[in-house]
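S.K.:
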Amino acid sequence: MHPGKYILLFDGECNLCNHFVQFVIKYDKQKKFLFTSLQSATGKALLDKHNVNVVGLETLVFIKNDVAYLRSGAALHVFNELGGRWKLVYAFIIVPAFIRDAVYKFIAKRRYKIFGKTTCMVPSPELKSRFLE
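Residue numbering for the sequence shown is 1210 to 1342, as defined by the working numbering.
#1: Enumerate in chain order the residues of its own chain whose CB-to-CB distance from residue 1217 is below 6 Å, with the five nearest sequence positions on each side excluded.
#2: Please work out which residues of its chain come closer than 6 Å, Cβ to Cβ, to residue 1267, disregarding the five sequence neighbours upstream and downstream, and give them in chain order.
#3: According to the neighbour-count rule (16 or more other Cβ atoms, all chains shown, within 10 Å of its Cβ), is residue 1297 buried or exposed?
#4: When the Cα of residue 1304 is compared with those of 1257, 1285, 1294, which residue comes out closest?
#5: Just the Cα atoms here: how many angstroms apart are residue 1236 and residue 1291?
#6: Please report the residue range of the beta strand (DSSP E) in which residue 1337 lies.
#7: Could you give the distance in angstroms between the alpha-carbon of residue 1295 and the alpha-carbon of residue 1289?
#8: Are the CB atoms of residue 1223 and residue 1307 nearer to each other than 8 Å?
#9: For residue 1261, which of helix, strand or coil comes out of DSSP?
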């Protein structure tokens, strides 16, 4: 679909998720990440393609080499692909997924209360090519 690119699906109404996307854009020096919201038609099509059932939009989805990673696994793989010092965060992959994901789910369930909601981010003209929809 997009050779050599990684796709990050995020909750387009979540401030925390939007800040994470901005963070990835800032540190993605090779511009290998593409983005789309979970709510978009493209996002829904990608979820269907990878048989991912997202309940309540409480997860990031990271697609790399046609494999979909969810929750903490998605976030850790993103940090790994950013390279540089951010690769160090990937060391948390040694923590069992059920523990990482319990922390992830705790934050995800409270993200609107803590960080608030927003409307879907409208990318600037120079970033528009990095958004699938």
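For glycine and all other residues, C-beta sits at the position ideal for the given N, C-alpha and C.
M.R.: Taking the structure as given:
#1: In the same chain as residue 1217, and ignoring 5 residues on each side of it, the C-beta atoms closer than 6 Å to its own belong to 1242, 1244, 1271, in chain order.
#2: Non-local beta-carbon contacts of residue 1267 in its own chain, meaning distances under 6 Å to residues more than five positions away in sequence, involve 1317 in chain order.
#3: Exposed: under 16 other Cβ atoms inside 10 Å.
#4: Selected option, being the one with the closest Cα: 1285.
#5: 6 Å
#6: First-last for residue 1337: undefined, no H or E at that position.
#7: 6 Å
#8: no
#9: DSSP places residue 1261 outside both helix and strand once states are collapsed to three, so it counts as coil.
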